[in-house]
Amino acid sequence: MKWVCKELSQIDKISSEILMLSKKKIAFHGNMGVGKTTLIKSICKMLNVIDVVKSPTFSIVNEYISEINGKVYHFDFYRIIDKQEVIDIGVQSYFDSSAYCFVEWPTMINDLTFDFDHVYIELENNNRIIKLVSHD
């Protein structure tokens, strides 16, 4: 599935559609500043997350509570140098849970997200092109 996001006001509709079409485990790909965290914030809003959603760049993982789905985990692996760092925080137990897991900068751990759905965000002519690739 592919969307063209011309303005921020469209993001909630796109987020809602992503939630309907995807599994609970989603990896987000895109350059710095393209809108990965903004999209995740909107998805969390659709899940009725009661916490403030922000990028976990320094904490690596943030845990949020959804009023309708329980725990939601948001990962940011931008600063990860070695995959062992991710393994050491017990990432597999998060991924094996029934919770939603959203991963920014997943390339370091591609082999751990092989069964995730993937969202790719690109900037093109001041629009964001958002593509959902489902793992079947």
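For the sequence shown, my numbering assigns the number 3 to the initial residue and increments by one for each residue that follows.
Note that beta-carbon positions come from the ideal geometry of N, C-alpha and C, so glycine has one too.
Here D78 is buried. Its C-beta has 16 or more other C-beta atoms within 10 Å. By the Cβ neighbour-count rule, L10 is exposed, with fewer than 16 other Cβ atoms within 10 Å of its own.
Here K4 is bridged, per DSSP, to K133. DSSP places F97 outside any beta strand (DSSP E); the residue lies instead in the alpha helix (DSSP H), whose first and last residues are V93 to D98.
Counting the other Cβ atoms within 10 Å of the Cβ of V6 gives fewer than 16, which makes it exposed. Scanning its chain for C-beta atoms nearer than 7 Å, with the 5 sequence neighbours on each side dropped, one finds around C46 the residues V55, Y66 and V74, in chain order. Rounded to whole angstroms, the gap between the alpha carbons of I20 and I123 is 13 Å.
Taken atom to atom, the span from the alpha-carbon of L134 to that of T40 is near 16 Å. Residues of the same chain with a CB within less than 6 Å of the CB of L125, apart from the 5 flanking positions on each side, are V36 in chain order. The shortest CA-to-CA distance from K25 to any of G92, P58 and V121 is the one to V121.
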